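Residue numbers (our numbering): 4 to 114.
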């Protein structure tokens with residue numbers, strides 16, 4: 004029972020970021036993309052998801068928001084899955100603080 008509570012708390016704590024990912028993924032679905040369930044996460048690919056990732060400054064193959072992973076296509080998702088799941092665990096620990104911390108660290112390193 005304790006394990007279920009811990010898992011539920013992690014999902015809840017990461018949920019603000021997961022909702023952002025779901026919103027972006029839903030846009031991908033509306034534009035011809037697809038979704039799949041893998042290892043406790045929803046993975047979206049194709050459509051506007053692919054278009055958006057190709058236009059990021061680093062031309063990302065995939066990006067994670069909570070328990071939602073957005074990838075260009077199934078090949079990119081397969082290649083980056085282990086790495087993206089590291090970010091899922093970070094979202095579970097940091098919750099809504101993860102994105103500001105991640106972006107802040109990136110800005111600090113860039114400066």
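Where is the CB? At the ideal position from N, CA and C, for every residue including glycine. Note that this is a predicted model, so its numbers are computed, not measured.
Between 11, 12 and 33, which has its C-alpha nearest residue 49's C-alpha? Comparing C-alpha distances from residue 49 to each of 11, 12 and 33 shows the shortest one belongs to 33.
Tell me which same chain residues have a C-beta within less than 7 Å of the C-beta of residue 13, skipping the five on either side of it? Annotation for residue 13: 95 place their beta carbon closer than 7 Å to its own, counting only its chain and skipping 5 residues before and after.
Which residues does DSSP pair with residue 39 in a beta bridge? DSSP lists 46 as partners of residue 39.
Residue 104 classed as buried or exposed, judged by whether at least 16 other C-beta atoms fall within 10 angstroms: Residue 104 is classed as exposed because its beta carbon has fewer than 16 other beta carbons within 10 Å across all chains shown.
heavy atom of the ligand MG below 7 Å from residue 61 C-beta: Among the components of this structure there are no ligands whatsoever, and the ligand MG is therefore not found.
When you compare only the Cα positions, how much space is there between residue 98 and residue 15? Cα to Cα, the separation comes out at about 8 Å.
Here's the rule I'm using: 16 or more other beta-carbon atoms within 10 Å means buried, otherwise exposed. How should residue 59 be labelled? Answer is exposed; the Cβ neighbour count stays below 16.
Can you give me the Cβ contacts of residue 51 inside the same chain, cut-off strictly under 6 Å, excluding the 5 residues immediately before and after it? Cβ-Cβ distances below 6 Å link residue 51 to 30, 31 and 34 in the same chain, with the five nearest sequence neighbours on each side left out; the list follows chain order.
Contact set for residue 44: own chain, Cβ-Cβ below 7 Å, skip 5 residues either direction: Excluding residues within five positions, the ones whose Cβ falls inside 7 Å are 70, 71, 72 and 91.
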